[in-house]
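Undergrad: Here it is: the structure, laid out below.
Number of protein chains: 2
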Amino acid sequence: MQLSKKNLHERLDKIYDAIVIGGGAGGLSAGIYLQRYRLSSLIVDKGKARSFWMQELHNYLGLPPDTPGRVLLQQGKQHYQSLDGDFLNGVVEEVVDEGETFAVRVKVGRQNSIYPIFRTKYLIAASGIIDHLLPLDDMRNVYEYAGYNLHVCMVCDGYEMTDKKCGLFAGKEASIENMVFTLSWFTPYITVFTHGLFEVSDRLRQKLREHGYPLVETPISQFLGEKHHMTGVELADRSTIPLETGLIAMGSRYHNTYLKGLNLEMKGENLATDKMCRTSHPRVFAIGDLKVGLNQVVIAAGDGALAGTQIWRDIRATSAPRVWEENLPVVAG
Amino acid sequence: MQLSKKNLHERLDKIYDAIVIGGGAGGLSAGIYLQRYRLSSLIVDKGKARSFWMQELHNYLGLPPDTPGRVLLQQGKQHYQSLDGDFLNGVVEEVVDEGETFAVRVKVGRQNSIYPIFRTKYLIAASGIIDHLLPLDDMRNVYEYAGYNLHVCMVCDGYEMTDKKCGLFAGKEASIENMVFTLSWFTPYITVFTHGLFEVSDRLRQKLREHGYPLVETPISQFLGEKHHMTGVELADRSTIPLETGLIAMGSRYHNTYLKGLNLEMKGENLATDKMCRTSHPRVFAIGDLKVGLNQVVIAAGDGALAGTQIWRDIRATSAPRVWEENLPVVAG
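The listed protein sequences derive, respectively, from chains A and P.
Per the numbering used here, the very first residue in the first sequence carries number 1; after that it's consecutive.
Per the numbering used here, the very first residue in the second sequence carries number 1001; after that it's consecutive.
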């Protein structure tokens, strides 16, 4: 059921089989599998998963390619709740390993917040990442275009950039190097913007020049365009540069601070997992963008199936098979 | 485009970046990713993927849980073709490794068949498995219920069997042992049928008896029911046993004979793959049910994304970045 400040006390004595942190594609898919394995689960969702921002989900099998990410999420939540899964809007602040269970402390409500603690045998970390956007004075100007023709994921939207005049908005030199030559697979008409945030080495300047990619180091004052369609940028010096599309490559924020106390094995910024998405803690799973791998909706959804299935296997292994009582042989007394 | 006997000659001189064998969930997802990476691909589909038979796809994120498998496949095919992918109805008979390319021989047409050979740099084996069904004299009687309330996949449909009177139709003793106690997670009201196909050991008989699961060894003459709703079985001795659902566990046929000549590394009946679904041959990928792992639609779809992405990375690594010609520095002549 949908939990809220009013009814969540009904669940404070419960020990869930699994609490899923994050109600994006991975978390919802995990929840659907868990409930269908007849396990009890709670999804805690802070809202606005990365896929929520995608105006068109172009590469998810089964949905028309103009389906907004939020439609996938709505359908998934409805699906999960039709299976009697519990869902709570809130932010997980801390997870404490109590041995047999985890205590999961959640902040509920932006105002007059309360901090209930839920208990669970297994934990699925599905809280994902969110992209750093270009830091302009007026962020509404960025939100106007982000997820439309100002993209954050080349795998998702490179196809839409094909042979278009594209701005690459980078947060550091390494981001330029990592992205620009891959982006050129889709379009060679790339202008690189540093927004004045960092210096560019002579070596990289030379490489960009050799490929004909202009480098713009003047800070950006605003994106130009209308109706969510970005048509260029205006710089601090009032000059403008026309663009047809853009890719923001300023890194990501990982929503994983609540896991810090568990000392899970990391690979760089990602959680290390086995092929069933189990972390170095046997009762903690990580799925979707938090783990090592490709940050794609369909892969997060598959991860949810894997983690849910492995938790079922674990729990089943400790349970005796059920018997058909009426058919049991009569034992002589 | 849709290839057929009439137009396929237009593609016989082409070298595809990838040929995908199988137009099920995995193959279509791979095709969508490949086309969006601006690679050329051909899907060869023999028709009737395993998911085609599922009347309701209960656990695929993003689709209402009463969506038939064939609707997912139709949507996926339409999606793939909207990206200009080539699609051919046919059966791959043989794959020959020619060094830089593979030659893929396809049987096209059930009558007056022709056997064109297509060429490709990479191969994605996505041809999956199909379940052996109960071998009755009148197989139409089995097809009447299979995929409705006579299931073949416990992970997919165990939830629907919850606390129902369930027939477990096994093909050998090991299938009973592997399935019956797991099935009891969903329902303890299990009747085990051997259809007279094999002997059951005293040890297993005793275990079934201890759990109250009747064992029926008389061959089945037909399923009873109407309008795709199975209500029981009639045995060869004319007695009937009422049931509310059923699970067929008679093993699977792997659609992989065309790969035999490539001597790929196997794990049991499955192809061994790395985390990007690459087999022991660097230019052959295996996705979905052919590889080791959970046989689920959403996982096959994720596999397609992985294999498509790795092929893109491979091909990209051998290509120079594109340059913005107009912006190149003028070289003194």
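Here a beta-carbon is modelled for each residue, glycine too, at the ideal position from N, C-alpha and C.
What in chain A is Cβ-close to P:Val1298, meaning under 7 Å?
TA: Ser29, Ala301, Gly302 and Ala305
Undergrad: Taking the CB atoms as reference points, tell me whether P:Phe1285 and P:Ala1125 lie closer together than 9 Å.
TA: Yes, the pair counts as a contact, with Cβ atoms nearer than the cut-off.
Undergrad: Which residues of the segment 1146-1158 of chain P have a Cβ closer than 8 Å to any Cβ of chain A? Give them in chain order.
TA: Val1155 and Gly1158
Undergrad: Going by Cα to Cα distance, which pick from P:Leu1134, P:Val1233, P:Met1139 and P:Leu1262 is closest to P:Lys1172?
TA: Minimum Cα distance to P:Lys1172 is reached at P:Leu1134.
Undergrad: Assuming P:Ala1025 contacts P:Ser1051 under a Cβ cut-off of 8 Å, what Cβ separation, rounded to an integer in Å, is found between them?
TA: 6 Å
Undergrad: Return the chain-ordered ranges of every alpha helix (DSSP H) run that is complete within the segment 271-332 of chain A and spans a minimum of 4 residues.
TA: 297-317
Undergrad: Would you list the residues sitting across from P:Asn1089 in a DSSP beta bridge?
TA: P:Asp1045
Undergrad: Any beta carbon of chain A sitting closer than 9 Å to that of P:Phe1181?
TA: yes
Undergrad: By DSSP, does A:Phe198 sit in helix, in strand, or in coil?
TA: coil
Undergrad: What span of residues does the beta strand (DSSP E) with P:His1229 cover, start to end?
TA: Start and end: His1229 to Leu1235.
Undergrad: Shortest alpha-carbon distance to P:Ile1129 belongs to which of P:Met1139, P:Glu1269, P:Val1108 and P:His1281?
TA: Sorting P:Met1139, P:Glu1269, P:Val1108 and P:His1281 by C-alpha distance to the C-alpha of P:Ile1129 places P:Glu1269 at the top.
Undergrad: Pull the bridge partners of A:Ala174 from the DSSP assignment, please.
TA: Residue pairing by DSSP leaves A:Ala174 without any beta bridge partner.
Undergrad: For P:Leu1168, which of helix, strand or coil comes out of DSSP?
TA: Of the three classes helix, strand and coil, the one that applies to P:Leu1168 here is strand, per DSSP.
Undergrad: Buried or exposed, going by whether 16 or more other CB atoms sit within 10 Å of the CB of A:Tyr115?
TA: exposed
Undergrad: Based on DSSP bridge pairs, tell me the residues matched to A:Ala146.
TA: A:Leu150
Undergrad: In its own chain, which residues sit with a C-beta less than 7 Å from the C-beta of P:Gly1196, not counting the 5 before and 5 after it?
TA: Glu1217, Thr1218 and Pro1219
Undergrad: Give a yes or no on whether the C-beta atoms belonging to A:Ile15 and A:Thr120 are separated by under 9 Å.
TA: yes
Undergrad: Quick one: residues in its chain with C-beta nearer than 7 Å to the C-beta of A:Gly85, no 5 flanking neighbours on either side, listed in chain order?
TA: Gly31, Gln35, Ser41 and Ile43
Undergrad: Report the partner residues of P:Leu1123 according to the DSSP bridge assignment.
TA: P:Ile1019 and P:Val1284
Undergrad: If we define contact as Cβ-Cβ less than 9 Å, is A:Glu217 a contact residue for chain P?
TA: no
Undergrad: Would you report the Cα separation of P:Gly1076 and P:Asp1202, rounded to the nearest angstrom?
TA: 49 Å
Undergrad: Anything in chain A within Cβ reach of P:Ser1239, meaning under 7 Å, just list it in chain order.
TA: Those do not exist, as P:Ser1239 stays about 17 Å from chain A at its closest Cβ, beyond 7 Å.
Undergrad: So, using beta-carbon positions, are P:Asp1017 and P:Leu1039 closer together than 9 Å?
TA: yes
Undergrad: Assess, as a yes-or-no matter, whether the segment 260-268 of chain A is touched by the segment 1257-1272 of chain P under the definition of 3 or more beta carbon pairs within less than 8 Å.
TA: Contact between the segment 1257-1272 of chain P and the segment 260-268 of chain A is absent, with fewer than three C-beta pairs closer than 8 Å.
Undergrad: Using a Cβ-Cβ cutoff of 8 Å, what residues of the segment 1050-1065 of chain P are near chain A? List them in chain order.
TA: His1058, Asn1059, Tyr1060, Leu1061, Gly1062, Leu1063, Pro1064 and Pro1065
Undergrad: Helix or strand or just coil, what does DSSP make of A:Ser35?
TA: Residue 35 of chain A is actually Gln in this sequence, not Ser. If DSSP states are grouped into helix, strand and coil, A:Gln35 belongs with the helices.
Undergrad: I'd like to check one pair, A:Thr279 with P:Leu1294: are the Cβ atoms closer than 9 Å?
TA: no
Undergrad: Residues of the segment 1193-1213 of chain P in Cβ contact with chain A at a cutoff of 8 Å, in chain order, please.
TA: Arg1209, Glu1210, His1211, Gly1212 and Tyr1213
Undergrad: Run through DSSP, which three-state label would A:Thr240 get?
TA: Reduced to three states, the DSSP call for A:Thr240 is strand.
Undergrad: Is A:Gln206 helix, strand or coil by DSSP?
TA: helix
Undergrad: What residue does the alpha helix (DSSP H) around P:Gly1069 start on, and which one ends it?
TA: It spans Gly1069 to Ser1082 - the alpha helix (DSSP H) in which P:Gly1069 sits, taken as one unbroken run.
Undergrad: Could you tell me whether the Cβ of A:Leu264 comes closer than 9 Å to any Cβ of chain P?
TA: Not an interface residue.
Undergrad: For the beta strand (DSSP E) containing P:Arg1253, list its first residue and its last residue.
TA: Ser1252 to Tyr1254
Undergrad: Beta-carbon within less than 7 Å of A:His281's beta-carbon, same chain only, minus the 5 sequence neighbours each way: which residues are those?
TA: Leu262 and Leu264
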